[in-house]
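Residue numbers (mature numbering (1 follows the signal peptide of the UniProt record, and there is no 0)): -32 to -1, 1 to 273. We put the CB at the ideal spot given by N, CA and C, even for glycine. Below is one structure, written out as structure tokens, with a few remarks after it.
If you want it as structure tokens, here you go:
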């Protein structure tokens, strides 16, 4: 008489446990997510350096979308959805892509768009956009951790460190640095130049040059008088910024440059903007190309005068 109720209770309890287990079991989508690599398979890359690093780590297949500054490798913008300019993003457009992670440089915005994306629960990591050797290494190592590719990231970081070390050794052979002026654009006939604390200032110094615009901070217009007083030996511009290398005559006809040593020698150096200012894994290459343009004799092993 005492055994029947216990057996009946045991059956009811077992049925409840089975029902609970069924309700708590992960569905197919959850199981797929559980098997995904760190960072998932739908990463939105915001910032040219972020995209470069992801591709350099062999993660192209896991990139779901990029921004307009992701110009290298060239196939990124051709093959991946473009979410717009990194500083003026649409949260709705990014959320619609169902990303598993967003990796961005610190200047990504506007803040309201970033907040809306974060509120969906999607991991959103912003990396300091520090224009330095240390900043490049930090971005590489952080992205390696976020994506579970630490070993590949360390190998890439080691290669980049060697590039920066080679630059440092080459700078030791420069006796007299050239004075270089980076011109981002012309605004109403006045040059917008890269002063202290800019990526332009950092890449010029890595290339062994002295920045002729240290009297200002940031990217700001510089007066004709200030440029003439600074007496730059060479003008540096982006090759994709509206003034190609073939337009030297046009550049040096501007009153701001006409009386400078750079104009006298027709010294104009141009380089791809993302390569030069992006401070991704190609930063040592960018500085080396500028250095070769500034100091041709360094390639022969001679000291640069």
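Around the C-beta of residue i, are 16 or more other C-beta atoms found within 10 angstroms, so that it is buried, or is it exposed?
i, result
"residue 156", "exposed"
"residue 119", "exposed"
"residue 183", "exposed"
"residue 263", "buried"
"residue 176", "buried"
"residue 83", "exposed"
"residue 5", "exposed"
"residue 258", "buried"
"residue 126", "exposed"
"residue 35", "buried"
"residue 78", "exposed"
"residue 143", "exposed"
"residue 30", "buried"
"residue 167", "buried"
"residue -9", "Here residue -9 scores only 39 on pLDDT, less than 50, and its place in the model should not be relied on; the value that follows carries that caveat. Residue -9 is exposed by the Cβ-count criterion."
"residue 224", "buried"
Helix or strand or just coil, what does DSSP make of residue i?
i, result
"residue 244", "helix"
"residue 103", "helix"
"residue 127", "helix"
"residue 159", "strand"
"residue 219", "helix"
"residue 68", "coil"
"residue 174", "helix"
"residue 10", "coil"
"residue 153", "strand"
"residue 113", "helix"
"residue -5", "At residue -5, the pLDDT of 32 sits below 50, so the modelled position is not reliable; the number obtained from the coordinates is stated separately. Correct three-state label for residue -5: helix."
"residue -23", "Residue confidence for residue -23 is low, a pLDDT of 48 falling below 50, so the modelled location carries little weight and cannot support an answer."
"residue 135", "helix"
"residue 148", "strand"
Out of the options, which one is the CA nearest neighbour of residue i?
i, options, result
"residue 80", "95, 97, 58", "58"
"residue 201", "62, 259, 234", "234"
"residue 250", "94, 60, 45, 101", "101"
"residue 229", "147, 37, 253, 128", "147"
"residue 73", "12, 266, 189", "12"
"residue 24", "121, 45, 37, 47", "121"
"residue 64", "238, 134, 170, 10", "10"
"residue 238", "149, 38, 21", "149"
"residue 163", "154, 145, 189, 141", "189"
Could you give the residue range of the beta strand (DSSP E) that holds residue i?
i, result
"residue 189", "187 to 189"
"residue 252", "No beta strand (DSSP E) holds residue 252; the alpha helix (DSSP H) holding it covers 251 to 262."
"residue 19", "Not the beta strand (DSSP E): residue 19 falls in the alpha helix (DSSP H), residues 16 to 24."
"residue 142", "Run containing residue 142: none; DSSP gives neither H nor E here."
"residue 82", "Where residue 82 is concerned, there is no enclosing beta strand (DSSP E), although the alpha helix (DSSP H) it sits in stretches over 79 to 87."
"residue 266", "No beta strand (DSSP E) holds residue 266; DSSP gives it neither H nor E."
"residue 33", "31 to 33"
"residue 238", "236 to 239"
Kindly indicate the opening and closing residues of the alpha helix (DSSP H) around residue i.
i, result
"residue 46", "43 to 47"
"residue 40", "From DSSP, residue 40 is part of no alpha helix (DSSP H); its letter is neither H nor E."
"residue 62", "59 to 63"
"residue 184", "Where residue 184 is concerned, there is no enclosing alpha helix (DSSP H), given that its DSSP letter is neither H nor E."
"residue 230", "229 to 233"
"residue 199", "Residue 199 -> no alpha helix (DSSP H), and no H or E assigned at all."
Note to self: Would you call the stretch 78 to 94 in contact with the stretch 50 to 68, where contact means no fewer than 3 C-beta pairs closer than 8 Å?
What the structure shows: yes
For the stretch 99 to 117 and the stretch 5 to 25, state whether three or more C-beta atom pairs, one from each stretch, are separated by less than 8 Å. yes
TODO: Say whether the stretch 95 to 111 touches the stretch 8 to 23, bearing in mind that this needs 3 or more beta-carbon pairs closer than 8 Å, one atom from each stretch.
DONE: yes
| Sufficient close CB pairs (3 or more, under 8 Å) joining the stretch 124 to 138 to the stretch 215 to 226 | no
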